[in-house]
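In the numbering used here, the protein residues as written are 6 to 144.
Positions of the beta carbon are idealized from the N, C-alpha and C atoms, including for glycine.
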């Protein structure tokens, strides 16, 4: 995740927000995986982790792609796989709290913007974000 955050284009986030976001320790992610009730998918390219997606129920909680794999369909494939699983679990829509730099990505995948929000970061900071929702096709 930290590599993906560091790969966010310059100017997309103020430096202090980028630093806070990238500072989340590995222990945080271990906690999220074990205590947060999330499910995970990992994408590999050439035997290396290229990205991952996490979700809980009908909420997509994270999608991160290694900068070297960005723009190659890894993120879109991860989201599509989560959509399939959510649909198979009986959900009719998927939602995500999209950080500002990712809003365009989710919009291209068919997510519709909702209310503005802030994603909490260490140090009491909040990352500008927007709730987004995508109906899941049935059939």
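To the nearest angstrom, how far is it from the Cα of residue i to the Cα of residue j?
i, j, result
"residue 98", "residue 133", "23 angstroms"
"residue 125", "residue 131", "5 angstroms"
"residue 6", "residue 143", "Because residue 6 sits at a pLDDT of 47, beneath the cut-off of 50, its placement in the model cannot be relied upon, and the following sentence gives the value as read from the coordinates. Cα to Cα, residue 6 sits roughly 32 angstroms from residue 143."
"residue 3", "residue 84", "Outside the displayed range of the chain (6 to 144) lies residue 3, so it cannot be described from this structure."
"residue 82", "residue 51", "16 angstroms"
"residue 137", "residue 110", "11 angstroms"
"residue 77", "residue 55", "10 angstroms"
Taking buried to mean at least 16 other C-beta atoms within 10 Å of its own C-beta, is residue i buried or exposed?
i, result
"residue 67", "buried"
"residue 118", "exposed"
"residue 87", "buried"
"residue 1", "Outside the displayed range of the chain (6 to 144) lies residue 1, so it cannot be described from this structure."
Would you mind reading off the limits of the beta strand (DSSP E) that contains residue i?
i, result
"residue 124", "117–125"
"residue 75", "Premise fails: residue 75 is in no beta strand (DSSP E) and is neither H nor E."
"residue 99", "98–104"
"residue 49", "44–50"
Given residue i, which residues of its chain have a CB within under 6 angstroms of its CB, disregarding the five upstream and five downstream residues?
i, result
"residue 139", "99, 115, 116"
Tell me whether residue i sits in a helix, a strand or coil according to DSSP, three-state version.
i, result
"residue 6", "Reliability of the predicted coordinates at residue 6 is poor, the pLDDT of 47 falling under 50, and no value is obtained from them."
"residue 65", "strand"
"residue 141", "coil"
"residue 131", "strand"
Can you give me the Cβ contacts of residue i inside the same chain, cut-off strictly under 7 angstroms, excluding the 5 residues immediately before and after it?
i, result
"residue 63", "91, 96, 98, 99, 100"
"residue 9", "In this prediction, residue 9 has a pLDDT of 49, which is less than 50 and means its spatial position is unreliable; what the coordinates show is noted afterwards. 69, 70, 71, 72, listed in sequence order."
"residue 121", "135"
So residue i is in the alpha helix (DSSP H); what residue range does that whole segment cover?
i, result
"residue 113", "108–113"
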